[in-house]
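Chains as they are written, first to last, in this note's numbering: chain A, 555 to 729; chain B, 555 to 729.
Idealized CB from N, CA, C, for every residue including glycine.
Being a predicted model, the structure only gives us computed values, none of them experimental.
Inspection log for the structure reproduced underneath, given as structure tokens.
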């Protein structure tokens, strides 16, 4: 099946600090015309950091879009063009105060492929050494530790509901 | 720790068909001022449908923000205010042609809590009966079947990179 969509017209409707928004008109492979809204985002990194084989580092923070305090893995935005691995090392240390001696690549995911190009790179970090938490301005968050079993229970109980966190937990624990 | 953020000013900067965008000024719990961009989205549903105990229904479609053909679980947007379970039944039948006699709630996730309020409700569907695929206008997609083992392998190989799909696979297979 031919799925390609051809851009007929693209208009930028918002240029923000975090997102840019485009309104495009496209032609589908069967000749139908359609309308697409696209949010552009610089992408980010997510770190599944094991303090020991049973203990995972989390952060708790207020998430303004939902007005809820959420439990998530350490994570952060990429600067445009930044090497994701450089960002992963920075974000882990800024948010939790830990550096890691051992890193593994857990691939990537798209968070909302229907309307956003946001791509998140997932990493596993082990052999941690504590240095010092060093948050960005305007960022208030609390690092904490949880056992793997507790994490699975909280996922099952809708107490961990952050998609990137579930993705990294799955990627870090299959095959 | 007090995490609350107080909205000082909220300005709508884009009002689209799929997303609305707001620029807010907030005050953090420590008195710092910060800036938040928020994408509002109606949310959606994701369906982990088992044709038999080993076989999962997928759809393949072109995703315009990435200009890539992606493998994802059947899913769809909520109408504002719609019951997610009603939407799940509709989307499964529209996209794959199947109705299900047995449904289970797999909770929910937020896809991008840093900047979007998009909430996806996850369901498991079993005991399937074929009726007829019936796509929305402007939607071209191909249903297909994959074994659970093949799904895990494709996740591990970055051939399934859709976050909501990984979330539903994890939620459907823990505890």
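7 Å Cβ cut-off: residues of chain A touching residue 590 of chain B: Counted from its first residue, the second chain places residue 590 of chain B at position 36. Chain A residues near residue 590 of chain B: 618.
Same chain, Cβ closer than 6 Å to residue 673 of chain A, five either side skipped, listed in chain order: Sequence index remark: in the first chain, residue 673 of chain A carries index 119 (1-based). Contacts found: 597, 662, 664.
Through-space distance from residue 693 of chain A to residue 640 of chain A, alpha-carbon basis: As a position in the first chain, residue 640 of chain A is number 86, starting the count at 1. As a position in the first chain, residue 693 of chain A is number 139, starting the count at 1. Their backbone Cα atoms lie some 20 Å apart in a straight line.
Residue-level contact to chain A via CB, residue 743 of chain B, 7 Å cutoff: Residue coverage of chain B in this structure runs from 555 to 729, which leaves residue 743 of chain B outside it and unanswerable.
Residue from B:642, B:591, B:623, B:695 whose Cα sits closest to the Cα of residue 632 of chain B: Taking the first residue of the second chain as 1, we reach residue 632 of chain B at position 78. Among B:642, B:591, B:623, B:695, the Cα nearest to that of residue 632 of chain B is on B:642.
Sufficient close CB pairs (3 or more, under 8 Å) joining the stretch 672-690 of chain A to the stretch 561-572 of chain B: no
Cβ separation of residue 627 of chain A and residue 600 of chain A, assumed to be a contact under 8 Å, to the nearest whole Å: In the first chain, counting from the first residue as 1, residue 627 of chain A sits at position 73. In the first chain, counting from the first residue as 1, residue 600 of chain A sits at position 46. Right, their Cβ atoms sit about 5 Å apart.
Cβ-based burial, residue 565 of chain B [other Cβ within 10 Å; buried from 16]: Position 11 of the second chain, counting from 1, holds the residue named residue 565 of chain B. It counts as exposed.
Residues sharing a beta bridge with residue 673 of chain B, DSSP: Mapped onto the second chain, residue 673 of chain B falls at position 119. For residue 673 of chain B, which the question treats as bridged, DSSP gives the partners B:664.
Residue 611 of chain B at chain A interface by Cβ criterion, 7 Å: As a working note, residue 611 of chain B is residue 57 in the second chain. Not an interface residue.
Contact list for the stretch 667-697 of chain A against chain B, Cβ threshold 9 Å: 667, 668, 669, 670, 671, 672, 673, 674, 691, 692, 693, 694, 695, 696
Cβ-based contacts, 8 Å cut-off: residues of the stretch 574-585 of chain A near chain E: Judged by its chain identifiers, the structure shown contains no chain E, and its protein chains are A and B.
Proximity below 7 Å, CB of residue 657 of chain A to CB of residue 675 of chain A: On the first chain, residue 657 of chain A is found 103 positions in, with the first residue counted as 1. On the first chain, residue 675 of chain A is found 121 positions in, with the first residue counted as 1. Result no, Cβ atoms of residue 657 of chain A and residue 675 of chain A do not sit closer than 7 Å.
Option in B:576, B:592, B:617 with minimal Cα separation from residue 715 of chain B: Along the second chain, read from residue 1 onward, the residue named residue 715 of chain B stands at position 161. Cα-wise, what sits closest to residue 715 of chain B is B:617.
Contact check, residue 579 of chain B vs residue 562 of chain B, beta carbons under 7 Å: The sequence position of residue 579 of chain B within the second chain is 25, counting from 1. The sequence position of residue 562 of chain B within the second chain is 8, counting from 1. Yes.
CB contact below 7 Å: residue 600 of chain B versus chain A: If you number the second chain from 1, residue 600 of chain B lands on position 46. Taking CB atoms only, residue 600 of chain B has no neighbour in chain A less than 7 Å away.
Buried versus exposed call for residue 671 of chain A [16 or more other C-beta atoms within 10 Å across all chains shown]: By 1-based counting over the first chain, the position of residue 671 of chain A is 117. Buried is the call here.
Residue environment, residue 607 of chain B, which counts as buried when at least 16 other CB atoms sit within 10 Å: The count along the second chain starts at 1 and reaches residue 607 of chain B at position 53. Exposed, because fewer than 16 other Cβ atoms sit within 10 Å of the Cβ of residue 607 of chain B.
Beta-carbon spacing of residue 613 of chain B, residue 559 of chain B below 7 Å: Along the second chain, read from residue 1 onward, the residue named residue 613 of chain B stands at position 59. Along the second chain, read from residue 1 onward, the residue named residue 559 of chain B stands at position 5. Result no, Cβ atoms of residue 613 of chain B and residue 559 of chain B do not sit closer than 7 Å.
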